[in-house]
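Chemist: Chains as they are written, first to last, in my numbering: chain X, 1 to 79; chain P, 1001 to 1480. Built from N, CA and C at the ideal position, the CB exists for glycine as well. Since the structure is predicted, the reported quantities are computational estimates derived from the model, not experimental observations.
1. Sort P:1022, P:1012, P:1151 by Cα distance to residue 1067 (chain P) and report the nearest one.
2. What does a CB cutoff of less than 6 Å around residue 1351 (chain P) pick up in its chain, not counting 5 residues either side in sequence?
3. So the alpha helix (DSSP H) residue 1099 (chain P) belongs to, where does it begin and stop?
4. Assuming residue 1030 (chain P) and residue 1185 (chain P) are in contact, meaning their beta carbons sit under 8 Å apart, how far apart are those beta carbons, in whole angstroms?
5. Got a sec: is the Cβ-Cβ distance from residue 1040 (chain P) to anything in chain X below 9 Å?
6. From the beta carbon of residue 38 (chain X), is the nearest beta carbon of chain P less than 9 Å away?
7. If you reduce the DSSP assignment to three classes, tell me which class residue 1192 (chain P) lands in.
8. How would you call residue 1095 (chain P), buried or exposed, if buried means at least 16 neighbouring beta carbons within 10 angstroms?
9. Leaving out five residues before and five after residue 1449 (chain P) in sequence, what residues of the same chain have Cβ atoms less than 6 Å from its Cβ?
10. When DSSP builds the beta bridges, which residues end up paired with residue 1414 (chain P)?
11. Exposed or buried, residue 36 (chain X), counting other C-beta atoms within 10 Å across all chains shown (16 or more means buried)?
12. How would you call residue 1471 (chain P), buried or exposed, if buried means at least 16 neighbouring beta carbons within 10 angstroms?
13. Determine, using beta carbons only, whether residue 1304 (chain P) comes closer than 9 Å to chain X.
14. Comparing the C-beta of residue 58 (chain X) with each C-beta of chain P, is any distance below 9 Å?
15. Residue 74 (chain X) lies in the alpha helix (DSSP H); which residues open and close that run?
16. Excluding the 5 residues preceding and the 5 following residue 1205 (chain P) in the sequence, name in chain order all residues of the same chain whose CB lies nearer than 7 Å to its CB.
17. Does the distance from the C-beta atom of residue 1200 (chain P) to that of residue 1054 (chain P) stay below 9 Å?
18. Between residue 8 (chain X) and residue 14 (chain X), what straight-line distance do the alpha-carbon atoms span, to the nearest angstrom?
19. At least one CB of chain P closer than 9 Å to the CB of residue 51 (chain X): is that the case?
20. Along chain X, in chain order, which residues have C-beta atoms closer than 8 Å to that of residue 1146 (chain P)?
21. If I measure Cβ to Cβ from residue 103 (chain X) and keep anything under 6 Å in the same chain, skipping five residues before and after, which residues do I get?
22. Determine the DSSP secondary structure at residue 1054 (chain P), reduced to helix, strand or coil.
23. Assign residue 1009 (chain P) to one of three DSSP states: helix, strand, or coil.
24. Using a Cβ cut-off of 8 Å, which residues of the segment 1313 to 1339 of chain P contact any Cβ in chain X, in chain order?
25. Using only CA atoms, which one of P:1132, P:1300, P:1463, P:1182 lies nearest to residue 39 (chain X)?
26. Give the single residue among P:1409, P:1304, P:1155 whose Cα lies nearest to the Cα of residue 56 (chain X).
27. Beta carbons nearer than 7 Å to chain X: which residues of the segment 1257 to 1275 of chain P have them?
28. Which one of P:1335, P:1293, P:1050, P:1422 has the shortest CA to CA distance from residue 1173 (chain P)?
29. Taking the C-alpha atoms as reference points, what is the distance between residue 45 (chain X) and residue 1355 (chain P)?
Here you go:
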């Protein structure tokens, strides 16, 4: 399940009003989410949740579901 | 030198390989057959290279297995570096050592130190760049836990050594190749037809288009000072068509060979000359190389530099670094470096232009005949064609001479009339203009009526029978 906050951060970075994001969604399926905008998405997610990802953590991601799980694990560690 | 896809010897070799593969039922037997045939194929290019790539493949396999075991991050990093060194080491030693010595010699020359340059490379290893990049992608994918490491060495050897992609790609990822093994190379009648279709189209592109252009174009590229500006323009557009027909023809044949064995390769060329911007061009030209650079160099650079606040500066910097190295990948020469630099600057400029504009600007959608689309295509193609002069000439001096004589519209020099350049260029441009760039006609053809298919295949065979020049030239991208 993709949280509303994560969806807001991703769509905001891509300047999209709305787009369906599922766990299995990959970047190539979302308009404007390419290698050039990828870092903007990462920065927006980090800012939204107040977390910091390592480079390897980001490079491992293959879909939005994995990004959600990474955010969740970071938030759990913060508590 | 070596077996080439367009030779009768290769057709015989492929036929025997396919016959034995289909006669053998067990997957392990098929795997060993593919390894043996891949080694036989590579042996025709020399023994030295075979030893180097075998050792590298074994090291990659071991590194993958070690990374697959749950180790501490420090140990994993050490194995990662070992894997990268195993792949980059041979590249530096056998492909770039002469170029590096040349640079060092140039730096030491003003100090009065003379360094003698080797007259020829220690060992030329055909396909080393493709092989090394496939190895690096495997090691990094296992390190990033995107894929499971290969379980058996024969499977892995088959992945790296597989002969249809060994000498000039496409750069197939382990994630795309290895799972097809477990499915057991299933091949249908449609696969067989599509495979033959790819082989035919590839052969026509190479032998009928690229090789017809080769003699005139290479003459112009070799000595631009002897020709007038109009001839040089023809040489430039002729080379633009030749390099595409040559390399995409090779790739079509590689895809066709693999398809006949039930293995699907990714597409490498998606009508690149119909691109409306330079970023789209790189999503359509040599796709397996550009996505390699995107995933294993550009994105790590982007992640590592995301602290830089000026996004345009960051992207431009990373884009130029990536494209300079992409240029260097093609060969140890300043021409390739500058070619990469030109594309890097063009990509960076385009990125700055596209920032904040709607996604369809980046993706290049819209009517193919809209004046804006046609203008964008012409501008993109102009940048690409200027790049091909850097790419196709032997030295920077020749490249600048070529560009200068065209820019000043020099009328002195020979006017070379080629009966092929303009008609074949027109054919290629019209094809790129009218065919929907997202369609794959070779795959689609197998769904057409029998009459349409027979007529198409017969026309291709007729073209091969009647229009192949007497002197054919090696595939251009094999030398990389």
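Modeler: Well, looking at it:
1. On the second chain, residue 1067 (chain P) is found 67 positions in, with the first residue counted as 1. Nearest option by C-alpha distance: P:1151.
2. Indexing the second chain from 1 puts residue 1351 (chain P) at position 351. Correct list, in chain order: 1315.
3. Mapped onto the second chain, residue 1099 (chain P) falls at position 99. That run of the alpha helix (DSSP H) goes 1097 to 1108.
4. Position 30 of the second chain, counted from the first residue, corresponds to residue 1030 (chain P). Position 185 of the second chain, counted from the first residue, corresponds to residue 1185 (chain P). Indeed, because the Cβ distance is near 6 Å, the residues count as touching under 8 Å.
5. Locating residue 1040 (chain P) in the second chain gives position 40, where the first residue counts as 1. No, no contact with chain X.
6. Start at 1 with the first residue of the first chain, and residue 38 (chain X) comes out as number 38. It does: the Cβ of residue 38 (chain X) has a partner Cβ on chain P nearer than 9 Å.
7. As a working mapping, residue 1192 (chain P) is identified with position 192 in the second chain. Of the three classes helix, strand and coil, the one that applies to residue 1192 (chain P) here is helix, per DSSP.
8. Walking along the second chain from the start, residue 1095 (chain P) turns up at place 95. When all chains shown are included, residue 1095 (chain P) counts as buried.
9. Your numbering for residue 1449 (chain P) matches position 449 in the second chain. So the list is empty, once near-sequence residues are dropped.
10. Sequence index remark: in the second chain, residue 1414 (chain P) carries index 414 (1-based). Paired residue(s): P:1227.
11. As a working note, residue 36 (chain X) is residue 36 in the first chain. Buried: at least 16 other Cβ atoms inside 10 Å.
12. The residue given as residue 1471 (chain P) occupies position 471 in the second chain. Per the 10 Å Cβ criterion, exposed.
13. Here residue 1304 (chain P) corresponds to residue number 304 of the second chain, with the count starting at 1. Yes, because at least one Cβ of chain X sits closer than 9 Å to the Cβ of residue 1304 (chain P).
14. Numbered from 1 along the first chain, position 58 holds the residue referred to as residue 58 (chain X). Yes, contact with chain P.
15. Here residue 74 (chain X) refers to the residue found at position 74 of the first chain. Residues 64 to 78.
16. The residue you call residue 1205 (chain P) lines up with position 205 of the second chain. Taken in chain order, the residues that qualify are 1245, 1248, 1249, 1252.
17. As a first step, residue 1200 (chain P) is located in the second chain; it is residue number 200 there, counting from the start. As a first step, residue 1054 (chain P) is located in the second chain; it is residue number 54 there, counting from the start. Against a cut-off of 9 Å, the Cβ pair of residue 1054 (chain P) and residue 1200 (chain P) comes out as no contact.
18. For the purposes of this step, residue 8 (chain X) is taken as the residue at position 8 of the first chain. For the purposes of this step, residue 14 (chain X) is taken as the residue at position 14 of the first chain. Between residue 8 (chain X) and residue 14 (chain X), the C-alpha separation is close to 10 Å.
19. Locating residue 51 (chain X) in the first chain gives position 51, where the first residue counts as 1. No, residue 51 (chain X) lies away from the interface with chain P (no Cβ there is under 9 Å from its Cβ).
20. Within the second chain, the letter at position 146 stands for residue 1146 (chain P). 60, 62, listed in chain order.
21. With chain X running from 1 to 79 in the structure shown, residue 103 (chain X) is simply not present.
22. By 1-based counting over the second chain, the position of residue 1054 (chain P) is 54. Note: residue 1054 (chain P) maps to helix in three-state DSSP.
23. Locating residue 1009 (chain P) in the second chain gives position 9, where the first residue counts as 1. Residue state, collapsed to three classes: helix.
24. 1314, 1315
25. Position 39 of the first chain, counted from the start, is the residue given in the question as residue 39 (chain X). Selected option, being the one with the closest Cα: P:1300.
26. Numbered from 1 along the first chain, position 56 holds the residue referred to as residue 56 (chain X). Out of P:1409, P:1304, P:1155, P:1304 has the C-alpha closest to the C-alpha of residue 56 (chain X).
27. none
28. Taking the second chain and counting its residues from 1, the one referred to as residue 1173 (chain P) is at position 173. When each option's Cα is compared against that of residue 1173 (chain P), the closest is P:1293.
29. For the purposes of this step, residue 45 (chain X) is taken as the residue at position 45 of the first chain. For the purposes of this step, residue 1355 (chain P) is taken as the residue at position 355 of the second chain. Whole-angstrom Cα-Cα distance: 19 Å.
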